[in-house]
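In our numbering, the protein residues as written are 1451 to 1553.
The following block contains the structure:
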């Protein structure tokens, strides 16, 4: 038997086989993007990104509970900055965001 799941942080540890149910349309879309051989890695990366988003949301909620809500002006400023960065010409190249993701 392998190491218990609790011994590894999200994104760490050896691969382990699990069974999940996915909608047929999602399965088709993933296979069209990465083929059958890349399916597990694609799903694993998607799960890791969702965990990161969940943790970020929890941190934001904790911050708001301690310091109050983030002013709308700062939210608008952050949204505008994100739009400008996302539309930067160097990110519109063939590989787009994937070529510029942090490791």
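For each residue, glycine too, the CB sits at the ideal point set by N, CA and C.
| task | Identify whether residue 1515 lies in helix, strand or coil by the three-state DSSP scheme. | result | When DSSP states are grouped into helix, strand and coil, residue 1515 belongs to the helix group.
| Start-to-end residues for the alpha helix (DSSP H) that takes in residue 1522 | Following the DSSP letters along the chain, one finds residue 1522 inside the alpha helix (DSSP H) bounded by residues 1522-1536.
| Rounded straight-line distance, which links the Cα of residue 1504 to that of residue 1478 | Whole-angstrom Cα-Cα distance: 26 Å.
| request: Taking only the alpha-carbon atoms, compute the straight-line gap between residue 1493 and residue 1530 and give it to the nearest angstrom. | output: Looking at the two C-alpha atoms, the distance is approximately 30 Å.
| Extent of the continuous alpha helix (DSSP H) to which residue 1482 belongs | Counting along the chain, the alpha helix (DSSP H) containing residue 1482 begins and ends at 1474-1484.
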